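Under my numbering, think of the first position of the sequence shown as 1, with each following residue one higher.
Note that CB positions come from ideal geometry on N, CA and C, so glycine has one too.
From a predicted model like this one, the values you see are computed outputs, not experimental measurements.
Single-structure report; data block below.
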Amino acid sequence: MEIWINPACSKCQSALSLLDAEQADYTVRRYLEDPPTTLELEDVLRRLRLEPWDITRLGEPVAADLGLAEWPRTQADRDRWIQALAAHPILIQRPIITVDDQTAVIARTRDAVLHATGG
1 MEIWINPACS KCQSALSLLD AEQADYTVRR YLEDPPTTLE LEDVLRRLRL EPWDITRLGE
61 PVAADLGLAE WPRTQADRDR WIQALAAHPI LIQRPIITVD DQTAVIARTR DAVLHATGG
């Protein structure tokens with residue numbers, strides 16, 4: 001299991017505390033320092049069963065700079081969104097837990113974290 005975090009994020013800190021309480025075996029990826037590639041983003045989206053716009057933080061200043069709120073949300077534009085997430089990882093919703101069973105969750109709630117741990 002791997003968890004993508006921003007150490008400054010309170011939701012990430014809560015998820016890590018819960019993983020520790022559950023004695024989960026996990027690795028931490030500070031995705032702002034070690035950004036995911038487009039292929040990794042494709043894999044995470046497949047696991048999440050979501051589209052790139054579903055995991056994009058539109059409230060970030062760079063989202064406004066890019067005009068993301070106005071971008072079309074179609075399959076034809078999917079690669080453009082993924083490229084934006086890869087180029088600006090601050091736009092990626094956090095935390096994300098990828099599980100060895102090829103699933104993933106956006107771990108913003110206690111239930112989501114527990115689901116990832118099988119708890």
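Beta-carbon separation of Tyr26 and Ile5 under 7 Å? Counted from its first residue, the sequence shown places residue 26 at position 26. Counted from its first residue, the sequence shown places residue 5 at position 5. No, the Cβ-Cβ distance between Tyr26 and Ile5 is not below 7 Å.
Comparing C-alpha positions only, which one of Pro7, Val44, Tyr31 and Leu85 sits nearest to Thr98? Mapped onto the sequence shown, residue 98 falls at position 98. Residue Val44 is the option with its Cα nearest to Thr98.
Can you tell which of Trp53, Leu66 and Arg57 has the C-alpha that lies nearest to the C-alpha of Gln75? Position 75 of the sequence shown holds residue 75. Looking only at Trp53, Leu66 and Arg57, the smallest Cα-Cα distance to Gln75 is reached by Trp53.
For His115, collect the residues of the same chain with a Cβ closer than 7 Å to its Cβ; drop the 5 residues on either side in sequence, then sort them by chain order. Counting from one through the sequence shown, the residue named residue 115 turns up at place 115. For His115, where only same-chain residues beyond five positions count, the Cβ hits under 7 Å are Val105.
Three-way DSSP call (helix, strand, coil) for Arg30 in this model: The residue labelled residue 30 in the question sits at position 30 within the sequence shown. Annotated three-state conformation of Arg30 is strand, per DSSP.
What does DSSP give as the partner residue(s) for Ala5 in the beta ladder? Locating residue 5 in the sequence shown gives position 5, counting from the first residue. Here residue 5 is Ile; the residue named in the question, Ala, does not match the sequence. DSSP lists Arg30 as partners of Ile5.
Check whether the Cβ atoms of Cys9 and Arg94 sit closer than 7 Å, and answer yes or no. Stepping through the sequence shown from its first residue, residue 9 is reached at position 9. Stepping through the sequence shown from its first residue, residue 94 is reached at position 94. Yes, the Cβ-Cβ distance between Cys9 and Arg94 is below 7 Å.
Helix, strand or coil for Ala15, going by three-state DSSP, please let me know. As a position in the sequence shown, residue 15 is number 15, starting the count at 1. Residue state, collapsed to three classes: helix.
By Cβ distance, which residues of its chain are closer than 7 Å to Asp77, with the 5 residues on each side in sequence left out? Counted from its first residue, the sequence shown places residue 77 at position 77. Trp71, listed in sequence order.
Which of helix, strand or coil DSSP assigns to Ala24: Your numbering for residue 24 matches position 24 in the sequence shown. If DSSP states are grouped into helix, strand and coil, Ala24 belongs with coil.
Under 8 Å by Cβ, that's how I've got Arg47 and Gln83 pegged, so tell me the actual separation to the nearest angstrom. Walking along the sequence shown from the start, residue 47 turns up at place 47. Walking along the sequence shown from the start, residue 83 turns up at place 83. In this structure Arg47 is not in contact with Gln83, their Cβ atoms being roughly 19 Å apart against a cut-off of 8 Å.
Contact under 7 Å by Cβ, Ala69 with Leu58: Here the question's residue 69 lines up with position 69 in the sequence shown. Here the question's residue 58 lines up with position 58 in the sequence shown. With respect to the 7 Å criterion, Ala69 and Leu58 are classified as neighbours on the basis of their beta carbons.
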